[in-house]
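A.B. asks: The structure under discussion is supplied below as structure tokens; questions concerning it will follow.
Residue numbers (full-length UniProt numbering): 1 to 190.
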């Protein structure tokens, strides 16, 4: 039996495990998966803001920017997959996504550390009340002074991790998948 990089069987002819098939699927379709993952993370962040009433701090907004960039790279890669450029661009796109997600993980760790008071957050994260407008008229005119929440206070905690902590773990997972996709052998087209 001849093996190609897209075969998921072992040399002994055993059927691949469900985990092997899952890894193969996600690494083969990584640009689309990264795009959809980024869109999902942005949707979740906006849902917490819109429906949960949790205003984002400065670092929260910076972490969203990471997903906008990753989503854009994923979209460009999805488009490139349909061109002759893809075999040369595949690894560049996958490793670029890995770098973007690793940056996002670092930013999320920095944010979580500021929340846990391990180090100070940036000066732009001094925070204050969610809306410090003195009256409704100022808000309607757009002259109200509205301060973002402080970066050093976790607005939401689940299983001992803040949103920044969860984002660090998710960003790490996405970075690892990006590297796995980049290390995947090119598909052999016969």
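The beta-carbon is built from N, C-alpha and C at its ideal position, and this holds for glycine as well.
Using 8 Å as the threshold, is the C-beta distance between residue 107 and residue 59 below it?
C.D. replies: Against a cut-off of 8 Å, the Cβ pair of residue 59 and residue 107 comes out as a contact.
A.B. asks: Whole angstroms is fine: what's the gap from residue 94's alpha carbon to residue 42's?
C.D. replies: So the alpha carbons of these two residues sit roughly 20 Å apart.
A.B. asks: When burial is assigned at 16 or more other CB atoms within 10 Å of the CB, is residue 132 buried or exposed?
C.D. replies: Note on residue 132: pLDDT 43, under 50, position unreliable in the model; no value is reported.
A.B. asks: Quick check on the DSSP output: the alpha helix (DSSP H) that includes residue 29 runs from which residue to which?
C.D. replies: Note, residue 29: premise wrong, no alpha helix (DSSP H); not H, not E.
A.B. asks: Quick one: give me the first and last residue of the alpha helix (DSSP H) that residue 62 is part of.
C.D. replies: Run containing residue 62: 58 to 80, per the alpha helix (DSSP H) assignment.
A.B. asks: Is the separation between the beta-carbon of residue 164 and that of residue 54 shorter than 8 Å?
C.D. replies: no
A.B. asks: For residue 161, which of helix, strand or coil comes out of DSSP?
C.D. replies: strand
A.B. asks: By the 10 Å Cβ neighbour count, where 16 or more other Cβ atoms means buried, how is residue 33 classified, buried or exposed?
C.D. replies: buried
A.B. asks: Of all the options 48, 100, 116, which has the alpha carbon lying nearest to the alpha carbon of residue 38?
C.D. replies: 100
A.B. asks: Which one of 112, 123, 47, 29 has the shortest CA to CA distance from residue 74?
C.D. replies: 29
A.B. asks: Alpha carbon to alpha carbon, what distance is there between residue 14 and residue 46?
C.D. replies: 45 Å
A.B. asks: Count the CB pairs spanning the region 78 to 85 and the region 165 to 181 that are closer than 8 Å, and state whether there are at least three.
C.D. replies: no
A.B. asks: Out of 115, 104, 20, state which residue places its alpha-carbon closest to the alpha-carbon of residue 151.
C.D. replies: 115
A.B. asks: Could you work out which residue in 36, 157, 57 is closest to residue 121 when comparing CA atoms only?
C.D. replies: 57
A.B. asks: Among 48, 112, 27, 17, which residue has its Cα nearest to the Cα of residue 162?
C.D. replies: 112
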